[in-house]
């Protein structure tokens, strides 16, 4: 990112832009013979677009140092992702940019709450620093819910005072998804203090299924958006109550088809597109916001509306000055496409420079700063995975559900060996443990899980939403401990092991969340992990991803943290073993 | 205005609103059985609207202290005028509110540049103070062009540093119409400094007829809107270049019919309605923004779009937090109407209180603070209206054009009496003078004018755009001087005199621009002035208004200020008398 802080646009630069615009000085570039997708006037019209100093000077017969003839192709504003956790791409911000910029994305609004749970404010600062010098405007929302609950150990806790300091950064533009929606509608002072800290900045919401009076209260508190709608009527209710609707199409959560009927000409301005979480494979094969435009148009949405939802609507909601449209004085972020219905970005300009062509990234590749701390501190001497049978043989079991992040639960009579409850792969009952990795507390949460199908071995990950402790599940304590060690020894990562062998692994040394490898290599290694798990009898398409959500104690029903099992409906820790009745 | 500063919404008030919204405490009011015109979701839907502490708590079956059943009538958000000079109503702000609030207007964005030309920053402060305690949210834009030119004497000059101080006021929200558009596109540092002073606040434009590269430069400088479009293609070009279009329907400038074809479902969000200048008679008989909605709908615009252009679009453009829609957390400013096509406000709520019913204003009538200074200081001993014939008998003559503010011009051989050039009513050649009234400089500009038709007497006014010196025209120097004295003696005003008699007058003691009388009385007296002028042979429907624009030296062709005649096309002072050729 060269600079998106308009206040830093010096008077002299502006005076020179005006000079160029009125025709008294040479433009840098003239993008000739464009069919401009004018998202403000809602029309496509012919234009020759003059650019100077990274900004649009004007439309007309300008003289310029360089002429780029786009030969009647469409020129759109650069695309904006309204809500994305870059960490979910499992790569650094420059690698993420290398993936999405050729797809036409020139700005993202990111919530860095994954890294914030591990490293706190320095983690957020790291993400901002990592985005310097990229041809991608990276804006951050200050993470509002770190940690997600009080029933887990995270690497950091962000208070309202921490958020206030974050807002001093020119690219921190609002408060990120307020996931603690009961805290909002119940008026918990610490939660409202975070909203207050945001001042007049936008405050994003996250309120899956919230409706009726609690939703009124949530909106009345000043929550301005929601990206968690899965049902049409849910989205309609939120829109009617004053919320901007981000329609999400991520790797797991795919809501576009269900929500598209919401969008009309009379309300589309209050709708935007976002990805939330996109894994490496999807970024490489499907794409990014361009994929949402293609899908929406194929589902019948007017292409102009789809492009508005990917550009000006989002810029307006967030108050992104100088972004979201191709107009004099705005950043010259342009996407050239052949066809508005089959939206395939061909040439991408950021601040007037060509940064991608025919899918190939041509922008700078700045070095990534060192992450602030390793992010993995485990008190191994305290890690004890045994469950004594004298506590009872009946145990709560988490049920994983393919393609969902909610779980089921049951109570099962467990197998006993040497006076201990153990996994029973024959009945698809594996042991699952969460080993605290931030503060070396020695905390270990232990449970059992059904639905993964592993016959032997173990899978482990330091990606475990949202607290990102080390989660491992497997058929034996030895393999579980081995997988945990492999993950920890690489400073975080994911691994599949069996019988003392590492079958596949991906190190994620950046906060235990992100690799320092290229996106394609990460994609391949993640694929190898899934394959290895299937080789052990695993039945889920992406068992590492499914496992990573088993620690997310804000999604029903039964979850596990380093403190133990969480009954999410009761919002309370519950014991693993159940007394005989 | 009770309070529109969201930062002053204390945490406790918000917490109580949340409590009400979630159904745990009693609402103040429930507006039952509404058909809510939801300008965000673009639908009309049924709703019971709960209100607490002046804000909307939510929609639903709430318990409330008071139930108001609107029996299936439509409920819209309060209307917003995007650009208005309240001074043009010729009454105080409370009287203006009394006229427009029953019409459904609950917020206005005003440019106080008339009073700023007379009294400077204290004049603007007076307008803000006068709007305290009213059921009308009055926001001000800091006046950018005071004085309008260097060829006139105004009561004050506002520099960028003055504007910066104004922005400290919570209701000063941006920079008012930058009328000096050549100064912008030529990059004059003093003009750009004023735009810089606005920071990220909205900057309104005023660029009649500007097109092509100069328009690109004007937009590139950061000008965000325009309300001066008179031609459809002009508006289209400005919209395409990133400007928000205020469609104006004032007393003189009536552009709605011409511009309405601009508005489509794909761009209407970037269009708003404004009145700019509405005189007492129009406010009383036609109305305010409600009149624009009726006219637009009768011309074929979708009522939802018309209401959006009068509410949420304007609130979004200006960043008016908590205004422009009926949603939880927003101000409970509601307009109840029977019919969306014949839009006649019946009940008007501001911050949850009924402030107008069936056209009758029911709100508070706070006392008006004293204006800061009389606004009239004339050095009478220096006032000499004679024009010596030895300077030449041929003189430049201004031609008034009915219903327009542009003028024509010619050179005429004048009648001579006692060695002086004098008016010649038989040839419709009257003398016109501008007497400086702010700084007692003794400046008098003298000219001749054709087009008013007075056979005798004189008409005078201290409303003379934009510098508001005393302008008088008439058939004899005696009557001219008498009219000027009558105007000055009442601390400013308008008068029609003949043969030493005052035939009609309206005192405007507030800055020489506004009366302290009720709107209806001002309307009657203004009407009496026009009648009296017609009785003297006057041929124009509103000669006082036409005269008031003859001093506006930014509108072609020949104008007059206290410094003399201005050839506006040459943007230079020119002598009255022309040498024989």
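Protein chains in written order, with our numbering: chain A, 16 to 596; chain B, 16 to 596.
Backbone N, C-alpha and C define an ideal beta-carbon position, used for all residues, glycine too.
Runs of alpha helix (DSSP H) wholly within the stretch 187–231 of chain A (minimum 4 residues, chain order): Qualifying alpha helix (DSSP H) stretches, in chain order: 196–200, 204–212.
Local Cβ density within 10 Å of residue 594 of chain B, reported as buried at 16 or more and exposed below that: The C-beta of residue 594 of chain B has fewer than 16 other C-beta atoms within 10 Å across all chains shown, which makes the residue exposed.
Run of the alpha helix (DSSP H) containing residue 579 of chain A, from where it starts to where it stops: Careful: residue 579 of chain A lies outside any alpha helix (DSSP H), inside the beta strand (DSSP E) at 579–582.
Residue(s) in a DSSP beta bridge with residue 53 of chain B: Looking at the DSSP assignment, residue 53 of chain B forms a beta bridge with B:58.
Spatial neighbours of residue 114 of chain B in its chain, beta-carbon cut-off 6 angstroms, leaving aside the 5 residues before and after: The residues 298, 534, in chain order, have a CB closer than 6 angstroms to that of residue 114 of chain B in the same chain once the five nearest residues on each side in sequence are set aside.
Span of the alpha helix (DSSP H), counted from its first residue to its last, around residue 308 of chain A: Run containing residue 308 of chain A: 304–313, per the alpha helix (DSSP H) assignment.
Three-state secondary structure (DSSP) of residue 253 of chain B: In the structure shown, residue 253 of chain B sits in a helix (DSSP, three-state: H, G or I).
Boundaries (first-last residue) of the beta strand (DSSP E) holding residue 509 of chain A: 508–513 is the span of the beta strand (DSSP E), which, as asked, contains residue 509 of chain A.
From B:453, B:130, B:278, B:476, residue whose alpha carbon lies closest to that of residue 447 of chain B: Among B:453, B:130, B:278, B:476, the Cα nearest to that of residue 447 of chain B is on B:476.
Between the CA atoms of residue 271 of chain B and residue 198 of chain A - distance to the nearest angstrom: Roughly 48 angstroms between the two C-alpha positions.
Beta-carbon proximity check, residue 54 of chain A vs residue 327 of chain A, cutoff 8 angstroms: Against a cut-off of 8 angstroms, the Cβ pair of residue 327 of chain A and residue 54 of chain A comes out as a contact.
Proximity test, Cβ basis, 8 angstroms: residue 207 of chain A and chain B: The beta carbon of residue 207 of chain A sits closer than 8 angstroms to some beta carbon of chain B.
Neighbourhood of residue 120 of chain A by C-beta, 8 angstroms cutoff - its chain only, sequence neighbours within 5 removed: Closer than 8 angstroms at the Cβ level, and outside the excluded window around residue 120 of chain A, lie 93, 94, 95, 96, 151, 303, 304, 305.
is_contact[residue 229 of chain B, chain C] using C-beta, thresh 8 angstroms: Absent from the structure: chain C. Protein chains present are A and B.
Contacting positions in the stretch 334–347 of chain A - beta carbon closer than 9 angstroms to chain B: Going along the stretch 334–347 of chain A in chain order, one finds 334, 336, 340, 341, 342, 343, 344, 345 with a Cβ nearer than 9 angstroms to chain B.
Sequence-distant residues of the same chain with beta carbon closer than 8 angstroms to residue 283 of chain A, five excluded per side: Closer than 8 angstroms at the Cβ level, and outside the excluded window around residue 283 of chain A, lie 320, 323, 324, 328.
Alpha helix (DSSP H) segment containing residue 358 of chain A, residue limits: Counting along the chain, residue 358 of chain A falls outside any alpha helix (DSSP H), and DSSP gives it neither H nor E.
Selected residue, minimal CA-CA separation from residue 558 of chain A, among A:522, A:528, A:473: The residue with the shortest Cα to Cα distance from residue 558 of chain A is A:473.
Whole-angstrom distance between residue 75 of chain B and residue 42 of chain B, CA atom to CA atom: When the Cα atoms are used, residue 42 of chain B and residue 75 of chain B turn out to be separated by approximately 11 angstroms.
Reduced DSSP category for residue 345 of chain A - H, G, I as helix; E, B as strand; rest coil: If DSSP states are grouped into helix, strand and coil, residue 345 of chain A belongs with coil.
Coil, strand or helix - residue 130 of chain A by DSSP: Residue state, collapsed to three classes: helix.
Pairwise C-alpha distance: residue 480 of chain A and residue 104 of chain A: Their Cα atoms are separated by approximately 14 angstroms.
Beta-carbon proximity of residue 184 of chain A to residue 158 of chain A, cut-off 8 angstroms: Contact flag unset, no.
Residues of the stretch 304–326 of chain A whose Cβ lies closer than 7 angstroms to any Cβ of chain B, in chain order: Listed by position along the chain: 319.
Under 8 angstroms (Cβ pairs) to chain A, residues found in the stretch 187–198 of chain B: Result list empty, no residue passes.
Neighbour flag for residue 287 of chain A against chain B, beta carbons, 8 angstroms: Interface criterion not met: the Cβ of residue 287 of chain A is under 8 angstroms from no Cβ in chain B.
Cβ neighbours of residue 466 of chain B in the same chain (closer than 6 angstroms, five flanking residues each side left out): Excluding positions up to five away in sequence, the list reads 414, 415.
Chain B contact for residue 153 of chain A (CB, 8 angstroms cutoff): With 8 angstroms as the cut-off, residue 153 of chain A does not count as an interface residue toward chain B.
Length of the line joining the Cα atoms of residue 561 of chain B and residue 463 of chain B: Their Cα atoms are separated by approximately 15 angstroms.
Closest residue to residue 565 of chain A among A:582, A:84, A:553 (Cα-Cα distance): Cα-wise, what sits closest to residue 565 of chain A is A:582.
Chain-ordered neighbours of residue 270 of chain A on chain B, where CB pairs are closer than 8 angstroms: Per Cβ cutoff of 8 angstroms: no residues; residue 270 of chain A is ~18 angstroms from chain B at best.
Under the three-state DSSP convention, the category residue 22 of chain B falls into: With a pLDDT of only 47 at residue 22 of chain B, under the threshold of 50, the placement of this residue in the model should not be trusted; the figure read from the coordinates follows. Residue 22 of chain B carries a helical assignment under DSSP once its states are collapsed to helix, strand and coil.
Backbone secondary structure at residue 112 of chain A - three-state DSSP: Helix, per DSSP.
Interface positions of the stretch 526–538 of chain A facing chain B (Cβ-Cβ less than 7 angstroms), listed along the chain: Listed by position along the chain: nothing, the set is empty.
CB contact flag (residue 179 of chain B, residue 155 of chain B, <8 angstroms): Against a cut-off of 8 angstroms, the Cβ pair of residue 155 of chain B and residue 179 of chain B comes out as no contact.
Beta-carbon spacing of residue 547 of chain A, residue 518 of chain A below 8 angstroms: Residue 518 of chain A is positioned such that its CB atom lies closer than 8 angstroms to that of residue 547 of chain A.
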